[in-house]
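Contents: one structure, followed by commentary.
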Amino acid sequence: MNLKDKLINSFENLVQSSNGSEAEHVGTKRTESMAVFTAQGFPSMKDEEWKYTPLNKSIKRDYQLESQFSTDVKSSEVDSFLCSGIDSYKLVFVNGVFSSALSNTTSQENFFVTNLKDAFSGDSEIFNEYFGKLADTQQSMVALNTAFAKEGAFIYVKAGSVVDKLIQIIYINNDNSEAQLSQVRNLFVVEDRAEVQILERHQSLTDEYVFTNVVTETSVGNEAHFKHFKVQNNLDQTTLVDSTFVQQGAKSSSLVDTFAFGGDLTRNNLHFEFSGEYAEANMDAITLLKGDTIVDHHTFVDHAVPNCQSNQLYKGIYDEKSKGVFNGKVMVRKDAQKTNAFQQNNNLLLTDLAAIDTKPQLEIFADDVACSHGCTIGQLDDEALFYMQSRGIPIKEAKAFLMFAFAGDTLKNITIPELKAQLINLVAQKLNVNLELNELNI
Amino acid sequence: MTEEDKILHEVTNSEYKYGFVTDIESDTISKGLNEDVIRLISMKKNEPEWLLDWRLDAFKKFKEMTEPDWANVTYKKPDLQSISYYSAPKPKKTLESLDEVDPELLKTFEKLGISLEEQKRLSGVAVDIVVDSVSVATSFKEKLGELGIIFCSISEAIQEHPELVRKYIGSVVPKTDNYYSALNSAVFTDGSFCYIPKGTRCPMELSTYFRINQAGTGQFERTLLIADEGSYVSYLEGCTAPSRDENQLHAAVVELVAMDNAEIKYSTVQNWYPGNKEGKGGVFNFVTKRGICHNHAKISWTQVETGSAVTWKYPSCILKGDYSIGEFFSVAVTNNYQQADTGTKMIHIGKNTKSTIISKGISAGNSNGNYRGLVKIMKGAENARNFSQCDSLLMGDTCGSHTFPYIEVKNKTARIEHEATTSKIGEDQLFYCNQRGIGTDEAIGLIVNGYCKDVLNQLPMEFAVEAQKLLSLSLEGSVG
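Here the protein sequences line up with chains X and F, keeping their order. Under our numbering, the final residue of the first sequence carries the number 451; numbering is consecutive throughout. Under our numbering, the final residue of the second sequence carries the number 497; numbering is consecutive throughout.
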């Protein structure tokens, strides 16, 4: 039985098992979404949006659909993947199931950090207001997630409040017994003038195949500030499809930083929408790949109202047989005058087998705008390498310096020093050098 | 209404000046597309057996294909059965000199501003003119013949140089390349053929004018240009059509072959009828243009696109040989309800290949302009270099501008740069000009002219003047 049919069959069980425990509007949404997925199926390379990204290998495998909770994850092990040295709220998901023992949730008057699972009953007004409203459920992967997802992070920040600590969400996959498909769903609601910073990490530890399909819905209120850091550091058997939707109110600012370091196939759909004027959206990303891996960044920024600004800075370094895809689309609708939209995609190819397909797209229907995109593909400068070597820096370190200098400016929007240090360490680790790269002061 | 709005209003209300119909008797076959029509065309043109088979094979493949819909344009698909695939001005006989050309036709050319005789005397441009489906006049043939250059209509080439035609036709654009190239391969009726022998530098600009005159006809011309080793040629192409309420289909194929060390410069000023202000009528321009470069060869495409209701055109370069160079310079102007989806493809196969893309889009009225390009670096293409720049200028708030650049790189030594900007004419630029005593009208002209300069500079002198005129026609009041 192929994966699609298997999913369709298991959906009926899911409906029966959750009968009565979920709010009516959730049930309706699940059924509608399932119909969308049934009609569309998994995306194929014939879809323009998936032209360069072959999902066919990933969907041929046989996956266990029920999440298997595992207790053999130690707290110390989890901590090694988290940003250390600072106090934080934690949400830990093991094989797609929330672990309350490992987590550090909170529920306060001004904000809460919790598992989304309990909200499906419909008791939470915030959930009822936002769930399924921000994501585009006409996309088949989003529809699939909407039909099945039961767990994930649910974060709410009340108007005017600032969350005092970093919120860390980590998804660990360690099931060594069978391949697994997990679908997780996040909902972040940041009300007017509120502030929050979230770190989300996907970390697979198993040699078995893992397919994670995650959807995140974020609502950022007027004058609110939202920062979301994504670390995708999976092993080579992992497929990750991440669809993130952010809707921003007037004068708000948001940042989504993506650090894609591995996994068999990673697809990031990042969707920004402005509902009020003078909002600003920033997207930064470093992609550092080795082996036979592929990372696909799809961004879509919808400028529907005037006076908003969006900045995209995507840097990629591709080694061995890896492949990178970047498809950045900026839509400036008719009335969105005074829009500033910038898009930059720079890539380094290190081997002959590495490849890059990039398509920076602009669709503009307003005349008083400043939009630009730039894209470069190149390699390390031999002369610079030679210069460093002649000053006694070994070639490996010299390359690492150059690569870090190339990609480092994507870290400029990170304000938590501990987080920045951790990410820089991770980059150094990926570049396979033992250097204190943060001393470069980039 | 402010001064700027007034000018924009003028800009978006200019009329098409080439919209006259010439009253020439034509030999037109009945409408419809089927094997018999293809046999009839082939028979009328007295073609050899292999070409008929080639056409029929293309038609067979064509029937299995569907019309592509990936381009960012919307239009009512033309009914291929309601088009006449052959229309020739009567009387049709071999023309020795211009005196024998139908005087009505000569008047047409004068209205178009191409006086053949004048050109013969003054500018030294050899012209091949194709009206509807048939080449009516080729000038300077003898002079070129002395150098061994063949410049004639493709029907003539099929009769007189069948070995060359047979060798190269379909070698760059295979007959089943795409829907419209397959259709063209099946029903093409005429076009230009040019062959430059080894080591020859063509002493004059070669030029072709295309005109659709007859109602209810489509134009399917085929151009084949071969520059043998070490040769050079500069080739110009211009097109116009009468104003008609119906949409006319123009589906041409252009194939360029640049052998080792050869250079081809191909310039187009496209000014098919763009439809009226309400977007009614106009030409559908669905063209496949492609060149192949062998070692150290260079192909340079320059286009000024001001006409057509819908344009769908991607002049491309296959950089097969080592050290070959491809260039693409384009100005695409859309006004009223025009839609253009145009750009280029640069396929780097050989080592040390280089390509440059400069695309300037200007959109006004309710039009939509698209740049769609592909830069592909194949695995073996060591040290490939590409620079792309696509800028768009928007005039008014009801038009749209879009860019779809595809970049696919499979070799680490490639150096690719791509940049694109979209903007409108800056108020501060206009203000600066105004306070120096330059009226808003001229100021817009100056700015647009400067904006397009990179491309207009690539055009041969004779064409650059015409292109500027065309720009001022399409954006009346803006270009001085």
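For each residue, glycine too, the CB sits at the ideal point set by N, CA and C. For clarity, every value in this text was computed on a predicted model and none was experimentally measured.
Leaving out the 5 sequence neighbours to the left and right, which residues in its chain are closer than 6 Å to residue i when beta-carbon positions are compared?
| i | result |
| --- | --- |
| X:K332 | I303, A364 |
| F:V274 | Y185, I243, I309 |
| F:I281 | A244, V250, L273, A275, I316 |
| X:I451 | Low confidence applies here, because X:I451 scores a pLDDT of 47, under 50, leaving its location unreliable; read the following figure in that light. Correct list, in chain order: G417. |
| F:E344 | S317, T373 |
| F:K470 | none |
| X:N336 | H307, K368 |
| X:A290 | S263, F281, S319 |
| X:S170 | N119, F120, A203 |
| X:A162 | L100, I178, N195 |
| F:K62 | S172 |
| F:V348 | V321, K377, C469, V472 |
| X:T385 | N355 |
Below 8 Å CB to CB, which residues in the same chain sit around residue i once its five sequence neighbours on both sides are set aside?
| i | result |
| --- | --- |
| F:T83 | Y196 |
| X:I402 | F410 |
| F:C416 | T351, S380, A381, G382, N383, S384, N385, G386 |
| F:H178 | I167, F210, Y212 |
If I follow the unbroken beta strand (DSSP E) through residue i, where does it start and stop?
| i | result |
| --- | --- |
| F:C310 | 299 to 310 |
| X:R400 | Counting along the chain, X:R400 falls outside any beta strand (DSSP E), and DSSP gives it neither H nor E. |
| F:P5 | Nothing about residue 5 of chain F can be read from this structure; chain F reaches only from 18 to 497. |
| X:S67 | Not the beta strand (DSSP E): X:S67 falls in the alpha helix (DSSP H), residues 65 to 69. |
| X:V310 | 303 to 312 |
| F:W318 | 315 to 322 |
Determine the chain F residues that contact residue i at a beta-carbon separation under 7 Å, and present them in chain order.
| i | result |
| --- | --- |
| X:I433 | Within 7 Å Cβ-Cβ: nothing; X:I433 doesn't reach chain F, min ~25 Å. |
| X:I365 | V426 |
| X:T360 | K429 |
Measure the CB-CB distance between residue i and residue j and report whether it falls below 7 Å.
| i | j | result |
| --- | --- | --- |
| X:L274 | X:T308 | no |
| X:V82 | X:Y98 | no |
| F:K377 | F:V472 | yes |
| F:L12 | F:Q98 | Absent from the model: residue 12 of chain F. The displayed extent of chain F is 18 to 497, so no value can be given. |
| F:T240 | F:I58 | no |
| F:D339 | F:N89 | no |
| X:K13 | X:G50 | yes |
| F:T285 | F:L476 | no |
| X:N316 | X:F270 | no |
| F:Y226 | F:G255 | yes |
| F:A314 | F:H365 | no |
| F:F301 | F:V321 | no |
| X:I135 | X:V205 | no |
| X:N183 | X:L214 | yes |
| X:T296 | X:G325 | yes |
| X:T419 | X:L322 | yes |
So, at 7 Å on beta carbons, what are the nonlocal neighbours of residue i in its own chain, with the 5 sequence-adjacent residues on each side left out?
| i | result |
| --- | --- |
| F:A203 | I55, R72, A75, F76, F79 |
| F:I433 | V392, N403, I424, V426 |
| X:R70 | A188, Y218 |
| X:F46 | S149, A152, L153, A156 |
| F:T111 | Legend: pLDDT at F:T111 = 44, less than 50; position of this residue unreliable, no value from coordinates given. |
Starting from residue i, follow the alpha helix (DSSP H) in both directions and report where the run begins and ends.
| i | result |
| --- | --- |
| F:I166 | Segment: none, F:I166 is in no alpha helix (DSSP H) and carries neither H nor E. |
| X:F8 | Because chain X here runs from 10 to 451, residue 8 of chain X falls outside it and cannot be looked at. |
| X:P426 | 426 to 439 |
| X:T37 | 33 to 49 |
Using a C-beta to C-beta distance shorter than 8 Å, which residues of chain F count as neighbours of residue i?
| i | result |
| --- | --- |
| X:P369 | T420, P422, H435, A437 |
| X:G300 | Within chain F, no residue comes near X:G300; the closest Cβ sits about 16 Å away, beyond 8 Å. |
| X:S381 | E436, A437, T438, T439 |
Cβ closer than 9 Å: which chain X residues qualify as neighbours of residue i?
| i | result |
| --- | --- |
| F:D414 | K343, D344, Q346, F374, A375, D376, D377 |
| F:V465 | Result: empty, since nearest Cβ-Cβ is about 14 Å, beyond 9 Å. |
| F:L447 | Within 9 Å Cβ-Cβ: nothing; F:L447 doesn't reach chain X, min ~13 Å. |
| F:K396 | D361, L362, A364 |
Using a cut-off of 9 Å between C-beta atoms, extract the partners of residue i located in chain F.
| i | result |
| --- | --- |
| X:Q4 | Absent from the model: residue 4 of chain X. The displayed extent of chain X is 10 to 451, so no value can be given. |
Which chain X residues are close to residue i, counting only those with a beta carbon under 7 Å from its beta carbon?
| i | result |
| --- | --- |
| F:G378 | The contacting residues do not exist; F:G378 stays about 10 Å from chain X at best. |
Can you name the residues of chain X whose CB is closer than 8 Å to the CB of residue i?
| i | result |
| --- | --- |
| F:A417 | Here residue 417 of chain F turns out to be Gly, not Ala, going by the sequence shown. Within 8 Å Cβ-Cβ: E372, I373, F374. |
Examine chain A for any beta-carbon lying closer than 7 Å to the beta-carbon of residue i, and answer yes or no.
| i | result |
| --- | --- |
| F:S440 | Given the protein chain composition of this structure (X and F), no chain A is represented. |
- Segment contact flag, the stretch 218 to 229 of chain X with the stretch 111 to 120 of chain X, C-beta cutoff 8 Å, min 3 pairs: no
- Message: Tell me whether the stretch 155 to 173 of chain X and the stretch 57 to 67 of chain X touch, counting them as touching only if at least three CB pairs, one residue from each stretch, are closer than 8 Å.
- Response: no
- Is it a yes or a no for the stretch 170 to 180 of chain X touching the stretch 139 to 153 of chain X, going by three-plus beta-carbon pairs under 8 Å? no
- Message: Closer than 8 Å is the cut-off here; do at least three beta carbon pairs connect the stretch 439 to 448 of chain F with the stretch 377 to 393 of chain X?
- Response: yes
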